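In this note's numbering, the protein residues as written are -12 to 251.
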C-alpha cells in the first residue's frame, strides 16, 4: 500500500491515516480497521463526510481534559462511541514545561528543564510513556479497547504523533511488525505535518514571540524520541514482548484477538 493510499486526505487533519497495509506477522495489517489521527476539531464538512465513510464504531481520545478544554471540539460523524483515555500528567514538570512552550508562556519557572531544552523534555516524556505506571495503564486500556472493538476504530491525541505514535508502535509490535516498520510509520508524521508545523511556528513567533527553535522539537517526530521509549522498554522489560505482557499486562488471548482481527 502506498503512503498516499494510507492517508485519508483530511484537509483539517492531514496526519490521519490507516494502519492498513503495513507488514505484520508474516502478513499485512487489514485495511480500514485502525486509524491514527491528530485532534479532529478543525475538520471541514468534506472531511467529516470522508471520515463518516470509514464506518467508525469506536474512537479513543488520549488527551487530558485540560487539553480538550482549550481545543476546538472534535467534529465527528455519527456512529463512533468515544472513550476518553487521558495519557498525560498535568502535575509532572516535563508536561507543564512542554505546555508552557506550546502556549508561549514564560519559561523562567522551568530553569532545569529549560537548560536541557525541549528535545530533552520530549525524550523524558517518551521515557514516561514506558516507565510510568499511569502511562502504562493508559496504553493498556487503549490496547484492550482496540482488541475489543466491534468495527473500525480511530485513536488520536493532539498532534497525532507522540501518544498516538507510541500507541501505534505498541499496536504494530503486538501485531508482529518489526522496529523498522514502526519507525517508518512514526516518522511519516513529519512529512504529512510539515506545512502545518511551519505555519504554527510562524504564527507562534509573530503572535507570542516564541523562538521557533525552542518550539520546533515539540512539533517533531524525532527518531531519538522513539528510541528513548524503546530503550526504556529494553531496560525495564527486556524486550517489547516483555513490555506488552508484563508492563501492559496483555495476555495471550488479547494479543491473539488483535492478530485475528487486524492481520491478513
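Here a beta-carbon is modelled for each residue, glycine too, at the ideal position from N, C-alpha and C. All values reported here derive from a predicted model rather than from experimental measurement.
Checklist entry - Can we say the region 211 to 226 touches the region 156 to 170, given the rule of at least three CB pairs closer than 8 Å? => result yes
Next on the checklist: Nearest by alpha-carbon distance to residue 48: which of 188, 77, 132, 107 is it?
Outcome noted: Position 61 of the chain shown, counted from the first residue, corresponds to residue 48. Ranking the options by Cα distance to residue 48, first place goes to 132.
Checklist entry - Excluding the five sequence neighbours on either side, which residues of its own chain have a C-beta within less than 7 Å of the C-beta of residue 31, listed in chain order? => result Taking the chain shown and counting its residues from 1, the one referred to as residue 31 is at position 44. -2, -1, listed in sequence order.
Next on the checklist: Beta-carbon within less than 7 Å of residue 122's beta-carbon, same chain only, minus the 5 sequence neighbours each way: which residues are those?
Outcome noted: On the chain shown, position 135 is the one that residue 122 refers to. The residues are 74, 115, 116.
Checklist entry - So what does residue 23 bridge to, in DSSP terms? => result In the chain shown, counting from the first residue as 1, residue 23 sits at position 36. DSSP lists 4, 142 as partners of residue 23.
Checklist entry - Could you give the distance in angstroms between the alpha-carbon of residue 205 and the alpha-carbon of residue 178? => result For the purposes of this step, residue 205 is taken as residue 218 along the chain shown, with counting starting at 1. For the purposes of this step, residue 178 is taken as residue 191 along the chain shown, with counting starting at 1. When rounded, the distance between both Cα atoms is 15 Å.
Checklist entry - Buried or exposed: residue 50, going by 16 or more other Cβ atoms within 10 Å of its Cβ? => result Residue numbering aside, residue 50 sits at position 63 when the chain shown is read from its first letter. So residue 50 counts as buried.
Checklist entry - Whole alpha helix (DSSP H) runs in the region 123 to 171 with 4 or more residues, listed along the chain? => result 150 to 161
Checklist entry - Quick one: what's got a C-beta closer than 8 Å to residue 15's C-beta in the same chain, skipping five residues either side? => result Here residue 15 refers to the residue found at position 28 when the chain shown is read from its first residue. Result list for residue 15: -12, 7, 8, 9, 250, 251, in chain order.
Checklist entry - At which residues does the beta strand (DSSP E) containing residue 70 begin and terminate? => result If you number the chain shown from 1, residue 70 lands on position 83. It spans 68 to 71 - the beta strand (DSSP E) in which residue 70 sits, taken as one unbroken run.
Item to check | Classification of residue 241 by the beta-carbon crowding that lies within 10 angstroms, buried from 16 upward | outcome: Counted from its first residue, the chain shown places residue 241 at position 254. Per the 10 Å Cβ criterion, buried.
Next on the checklist: Judging by CA-CA distance, which residue of 79, 173, 168, 194 is the nearest neighbour of residue 146?
Outcome noted: One-based indexing of the chain shown puts residue 146 at position 159. Checking every option, the nearest Cα to that of residue 146 belongs to 173.
Next on the checklist: Counting only C-beta atoms, is residue 227 closer than 8 Å to chain D at any point?
Outcome noted: The chain inventory of the structure shown lacks chain D, comprising one protein chain alone.
Item to check | Residue closest to residue 166, alpha-carbon to alpha-carbon, out of 141, 11, 180 | outcome: Start at 1 with the first residue of the chain shown, and residue 166 comes out as number 179. Of the listed residues, the one whose Cα sits closest to residue 166 is 11.
Next on the checklist: With three or more C-beta pairs closer than 8 Å as the rule, is the region 133 to 145 touching the region 189 to 202?
Outcome noted: no
Item to check | Spatial neighbours of residue 219 in its chain, beta-carbon cut-off 7 Å, leaving aside the 5 residues before and after | outcome: Position 232 of the chain shown, counted from the first residue, corresponds to residue 219. Correct list, in chain order: 114, 117, 118.
Item to check | Proximity to residue 22 [Cα-Cα], best of 1, 55, 238 | outcome: On the chain shown, position 35 is the one that residue 22 refers to. Among 1, 55, 238, the Cα nearest to that of residue 22 belongs to 1.
Checklist entry - residue 226 by DSSP, collapsed to three states: which one? => result Taking the chain shown and counting its residues from 1, the one referred to as residue 226 is at position 239. Three-state result, residue 226: coil.
Checklist entry - In angstroms, rounded to a whole number, what distance separates the CA positions of residue 199 and residue 247? => result Locating residue 199 in the chain shown gives position 212, counting from the first residue. Locating residue 247 in the chain shown gives position 260, counting from the first residue. Taking the straight line from one Cα to the other gives about 45 Å.
Checklist entry - Can you name the start and end residues of the alpha helix (DSSP H) that residue 36 belongs to? => result Here residue 36 refers to the residue found at position 49 of the chain shown. Per DSSP, residue 36 belongs to the alpha helix (DSSP H) from 32 to 39.
Next on the checklist: Between 127, 217, 54, 162, which has its C-alpha nearest residue 244's C-alpha?
Outcome noted: As a working mapping, residue 244 is identified with position 257 in the chain shown. Comparing Cα positions, the closest option is 162.
Next on the checklist: Measuring alpha carbon to alpha carbon, tell me which residue in 224, 168, 67 is nearest residue 41.
Outcome noted: Locating residue 41 in the chain shown gives position 54, counting from the first residue. Of the listed residues, the one whose Cα sits closest to residue 41 is 67.
Checklist entry - Would you call the CB atoms of residue 19 and residue 5 closer than 8 Å? => result Along the chain shown, one-based indexing puts residue 19 at 32. Along the chain shown, one-based indexing puts residue 5 at 18. Yes, Cβ-Cβ distance for residue 19 and residue 5 is below 8 Å.
Item to check | residue 33 classed as buried or exposed, judged by whether at least 16 other C-beta atoms fall within 10 angstroms | outcome: On the chain shown, residue 33 is found 46 positions in, with the first residue counted as 1. Per the 10 Å Cβ criterion, exposed.
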